[in-house]
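Beneath this line is the structure, given in structure tokens, with notes to follow.
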Amino acid sequence: MVDEPMAIQLLDLRKTYKVFRNLREGSGATVSFVNFFRILFGLGGQRTVALDSVSFSVKKGEVFGLLGPNGAGKTTMLKILSTLVLPDSGKAYVEGIDVTRRPRETVKRLQSVFAESQGFERRLTGRENLEFFATLLGLPKKQAKARIDELLTFTGMTDRADVMFQRYSTGMARRLLVCRALLSNASVLLFDEPTAALDPIAAADFRKLIRHDLADKEGKTILLATHNLWEAEQICDRIAVVRKGRILAVGTPEEIKKNVSDRVNLSLIVLNYSPQAAKTVTEAILAVRGVLGIEILEDRDHEGSTRLNIEGVKGLNYNVIFQKLSSLNLEVTSLESSQPSLEDAFLKLNLEAAA
Amino acid sequence: MGKVWAMTRRDMNKWATYKTQATTSILGGLLGIVSWGLNATFVNRLVPDYNTNYVSFLIVGVLISSLILPLSQGIQGSVSPFTLESILMTGLKAPTFILGTVLWPYILSVVLFLPQLVVGIVYFHATLSVNPVSFVLALVISTTIVFSIAMVSTAFRIVTKTSDPVSWSLAIAASLFSGMTFPVSHLNDYVPGLSTVSWFLPQTWVYHIVRLSTLENASILDANIAISFLIAMIFAVVLLPLAFYVFRWGLNRAKRDGTLGHF
Numbered sequence: 000m001v002d003e004p005m006a007i008q009l010l011d012l013r014k015t016y017k018v019f020r021n022l023r024e025g026s027g028a029t030v031s032f033v034n035f036f037r038i039l040f041g042l043g044g045q046r047t048v049a050l051d052s053v054s055f056s057v058k059k060g061e062v063f064g065l066l067g068p069n070g071a072g073k074t075t076m077l078k079i080l081s082t083l084v085l086p087d088s089g090k091a092y093v094e095g096i097d098v099t100r101r102p103r104e105t106v107k108r109l110q111s112v113f114a115e116s117q118g119f120e121r122r123l124t125g126r127e128n129l130e131f132f133a134t135l136l137g138l139p140k141k142q143a144k145a146r147i148d149e150l151l152t153f154t155g156m157t158d159r160a161d162v163m164f165q166r167y168s169t170g171m172a173r174r175l176l177v178c179r180a181l182l183s184n185a186s187v188l189l190f191d192e193p194t195a196a197l198d199p200i201a202a203a204d205f206r207k208l209i210r211h212d213l214a215d216k217e218g219k220t221i222l223l224a225t226h227n228l229w230e231a232e233q234i235c236d237r238i239a240v241v242r243k244g245r246i247l248a249v250g251t252p253e254e255i256k257k258n259v260s261d262r263v264n265l266s267l268i269v270l271n272y273s274p275q276a277a278k279t280v281t282e283a284i285l286a287v288r289g290v291l292g293i294e295i296l297e298d299r300d301h302e303g304s305t306r307l308n309i310e311g312v313k314g315l316n317y318n319v320i321f322q323k324l325s326s327l328n329l330e331v332t333s334l335e336s337s338q339p340s341l342e343d344a345f346l347k348l349n350l351e352a353a354a
Numbered sequence: 000m001g002k003v004w005a006m007t008r009r010d011m012n013k014w015a016t017y018k019t020q021a022t023t024s025i026l027g028g029l030l031g032i033v034s035w036g037l038n039a040t041f042v043n044r045l046v047p048d049y050n051t052n053y054v055s056f057l058i059v060g061v062l063i064s065s066l067i068l069p070l071s072q073g074i075q076g077s078v079s080p081f082t083l084e085s086i087l088m089t090g091l092k093a094p095t096f097i098l099g100t101v102l103w104p105y106i107l108s109v110v111l112f113l114p115q116l117v118v119g120i121v122y123f124h125a126t127l128s129v130n131p132v133s134f135v136l137a138l139v140i141s142t143t144i145v146f147s148i149a150m151v152s153t154a155f156r157i158v159t160k161t162s163d164p165v166s167w168s169l170a171i172a173a174s175l176f177s178g179m180t181f182p183v184s185h186l187n188d189y190v191p192g193l194s195t196v197s198w199f200l201p202q203t204w205v206y207h208i209v210r211l212s213t214l215e216n217a218s219i220l221d222a223n224i225a226i227s228f229l230i231a232m233i234f235a236v237v238l239l240p241l242a243f244y245v246f247r248w249g250l251n252r253a254k255r256d257g258t259l260g261h262f
């Protein structure tokens, strides 16, 4: 049997950062001179764990999502792979290349799109900026020109290519970042929160660019970090759920959802509800066997009605719930039952990890 | 070299878009040399160390520093947030990065140097006696020394972000001891033997060998002159690999701390 080649491999990766300290730390209101010298020379102090024994692999041509809240360690993973941060221990490989030992070889195969890390010269045009980076990447002038024209067309930026970068909108700047990442024709692309700060239309365009154009058409391997569950489900082949530097689960969105496959969600619209009865309703529903939680929301679509979101185990007896509601003079006008979403799975995994 | 030129062209294009800054920097250079020239003619005296008068001595000193300072200043603009991350993602080598970063400020200072030189000679009667061979050699050695200092400065700036203690210390030490505006032997008039400190500073040797080659027509075939050049060369040869080592240390330290993109 031949092993499937991996585009990205992280093996037991660990990373800690020094905790930022201030001069008053540990000494109340007075400035400690000991702290001053410790900070100045970077001595001692606490460290926070950014990555804790992280291991996963991404197959060639796959769109892989790192899904987690802010501070989960997603960006640290991307920066280690981009050779911009060194891990404390463990290994990271891009197409078999050890990223810490051979950073220059790595960046020939991998490019990143960090929204906050543009590095473009604001007083130059988009095209001039791309020409600059093409030269640094070692592309011959003629080839660079052709490649830049091709990429500007590919990302729909041709019309704005000769405008100063400082006049670009967030969406255009993001597209120029993609152009730069594609200049060297790297086969692995990393995206950090690719649609954050984009308006809904630009975000939808960008998701299409990643999934349809880069992954499906160009065959690029894509690793993206996001806290947008919907986005992850829409464009990723597989997902790793990350929390506090640990991988909680890896799999396709469907596989991840199987973590909560023993659950069912019930959404009811009821009439005659009054906020004063909130406690009574909550207690009555939670007393029903198999109910795990209830959320009471104002139903903005129907005036005077209220939405009850009930989470329960599979096989939950709906009739008992109706009887309870009826006994409280609440009239059920609509019922929707749904299978758990990726969000449910994500929350469950995080709650379990927190516990 | 193409990569270095790309960085230089980028900086030049950017500089050209700031028209007011471009105009004021040219005017500032010219007015600066007028100011120094007026000071020098006011206190004019002989400078026996280089067989010249004070006007010539001072103007050459000011011109050297206006050639040298931009090297370290050029670095500051490039170690801005995330610029370094984007540049490193291209796989650029450290010397190319440094050279590309400092070349435009250096070219600009050379361009500004020429009118300043004309003002110095025509209006303040600075007298130069240049030995071309020594001058070229002095420039090569001086550039190596200053380039090394720029690399060390960059390394510390990558770690410390806003300013670096090494270039600050060297700049302070240089202003006190390297003899930009007075011959270092003058220090002994206040504290006997104090000039010894000067000769441990690489910048002192930069000023010294450039002055020897521009004020005294000093030939490197002369044993005394050759020794000065040799010592300066030793500084250059020791500093350059040390600078590479320190640069690598700074880069790895920032990567370990995860602060490469911070500012």
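These protein sequences, in sequence, are chains A and B. Read in numbering that gives the first Met the number 0, the first sequence has 229 at position 230, and its numbers run on one by one without any break. Read in numbering that gives the first Met the number 0, the second sequence has 234 at position 235, and its numbers run on one by one without any break. Heads up, the beta-carbon is just placed ideally off N, CA and C, and yes, glycines get one too. Computed from a prediction, not measured in an experiment: that's the story for all the values here.
Could you tell me whether the Cβ of residue i comes closer than 7 Å to any Cβ of chain A?
{"i": "residue 82 (chain B)", "result": "yes"}
{"i": "residue 0 (chain B)", "result": "no"}
{"i": "residue 259 (chain B)", "result": "yes"}
{"i": "residue 160 (chain B)", "result": "no"}
{"i": "residue 89 (chain B)", "result": "yes"}
{"i": "residue 13 (chain B)", "result": "yes"}
{"i": "residue 5 (chain B)", "result": "yes"}
{"i": "residue 22 (chain B)", "result": "no"}
{"i": "residue 85 (chain B)", "result": "yes"}
{"i": "residue 156 (chain B)", "result": "no"}
{"i": "residue 16 (chain B)", "result": "yes"}
For a test of the three-state rule: what should DSSP assign to residue i, helix, strand or coil?
{"i": "residue 59 (chain A)", "result": "coil"}
{"i": "residue 256 (chain B)", "result": "helix"}
{"i": "residue 305 (chain A)", "result": "strand"}
{"i": "residue 165 (chain A)", "result": "helix"}
{"i": "residue 261 (chain A)", "result": "coil"}
{"i": "residue 217 (chain A)", "result": "coil"}
{"i": "residue 219 (chain B)", "result": "coil"}
{"i": "residue 1 (chain A)", "result": "In this prediction, residue 1 (chain A) scores a pLDDT of 46, lower than 50, which makes its location untrustworthy; the coordinate-derived value is nonetheless stated afterwards. It is coil, neither helix nor strand."}
{"i": "residue 204 (chain A)", "result": "helix"}
{"i": "residue 92 (chain A)", "result": "strand"}
{"i": "residue 103 (chain A)", "result": "helix"}
If we ignore side chains and look at the alpha-carbon of each, how far apart do residue i and residue j end up?
{"i": "residue 295 (chain A)", "j": "residue 277 (chain A)", "result": "8 Å"}
{"i": "residue 224 (chain B)", "j": "residue 211 (chain B)", "result": "8 Å"}
{"i": "residue 11 (chain B)", "j": "residue 5 (chain B)", "result": "10 Å"}
{"i": "residue 185 (chain B)", "j": "residue 47 (chain B)", "result": "11 Å"}
{"i": "residue 253 (chain A)", "j": "residue 346 (chain A)", "result": "15 Å"}
{"i": "residue 121 (chain A)", "j": "residue 141 (chain B)", "result": "34 Å"}
{"i": "residue 56 (chain A)", "j": "residue 221 (chain A)", "result": "12 Å"}
{"i": "residue 212 (chain A)", "j": "residue 233 (chain A)", "result": "14 Å"}
{"i": "residue 163 (chain A)", "j": "residue 7 (chain B)", "result": "18 Å"}
{"i": "residue 353 (chain A)", "j": "residue 249 (chain A)", "result": "18 Å"}
{"i": "residue 175 (chain B)", "j": "residue 183 (chain B)", "result": "9 Å"}
{"i": "residue 80 (chain A)", "j": "residue 124 (chain A)", "result": "29 Å"}
{"i": "residue 167 (chain A)", "j": "residue 197 (chain B)", "result": "52 Å"}
{"i": "residue 161 (chain A)", "j": "residue 144 (chain A)", "result": "13 Å"}
{"i": "residue 205 (chain B)", "j": "residue 137 (chain B)", "result": "7 Å"}
{"i": "residue 190 (chain B)", "j": "residue 41 (chain B)", "result": "26 Å"}
{"i": "residue 63 (chain A)", "j": "residue 266 (chain A)", "result": "32 Å"}
{"i": "residue 153 (chain A)", "j": "residue 173 (chain B)", "result": "54 Å"}
{"i": "residue 170 (chain A)", "j": "residue 14 (chain B)", "result": "27 Å"}
{"i": "residue 39 (chain B)", "j": "residue 60 (chain B)", "result": "11 Å"}
Counting only beta-carbon atoms, is residue i nearer than 7 Å to chain B?
{"i": "residue 103 (chain A)", "result": "yes"}
{"i": "residue 106 (chain A)", "result": "yes"}
{"i": "residue 134 (chain A)", "result": "yes"}
{"i": "residue 16 (chain A)", "result": "yes"}
{"i": "residue 164 (chain A)", "result": "no"}
{"i": "residue 131 (chain A)", "result": "yes"}
Q.
Please identify, using Cβ separations under 8 Å, the residues of the stretch 110-125 of chain A that lie next to chain B, in order along the chain.
A. 110, 111, 113, 115, 116, 117, 118, 119, 120, 122 and 123
ask   = Whole alpha helix (DSSP H) runs in the stretch 8-42 of chain B with 4 or more residues, listed along the chain?
value = 18-41
Open item on the list: Using a Cβ-Cβ cutoff of 7 Å, what residues of the stretch 171-191 of chain A are near chain B? List them in chain order.
Closed with: none
* Taking a cut of 8 Å between CB atoms, which residues from the stretch 186-203 of chain B lie near chain A? -> none
**Prompt:** What residues in the stretch 83-100 of chain A have a beta carbon less than 7 Å from any beta carbon of chain B?
**Reply:** 83, 84 and 85
Residues of the stretch 57-77 of chain A in Cβ contact with chain B at a cutoff of 9 Å, in chain order, please. 75
| said: Please give the ranges of any alpha helix (DSSP H) in the stretch 128-185 of chain A, keeping only runs that are unbroken, at least 4 residues long and fully inside the region. | reply: 140-153 and 169-181
Restricting to runs no shorter than 4 residues, where is the alpha helix (DSSP H) found entirely within the stretch 141-189 of chain B? 164-176
Worksheet entry | Residues from the stretch 29-47 of chain B in contact with chain A, defined by Cβ distance under 7 Å | none
Taking beta-carbon pairs under 7 Å, can you tell me which members of the stretch 246-257 of chain B lie near chain A? 251, 254, 255, 256 and 257
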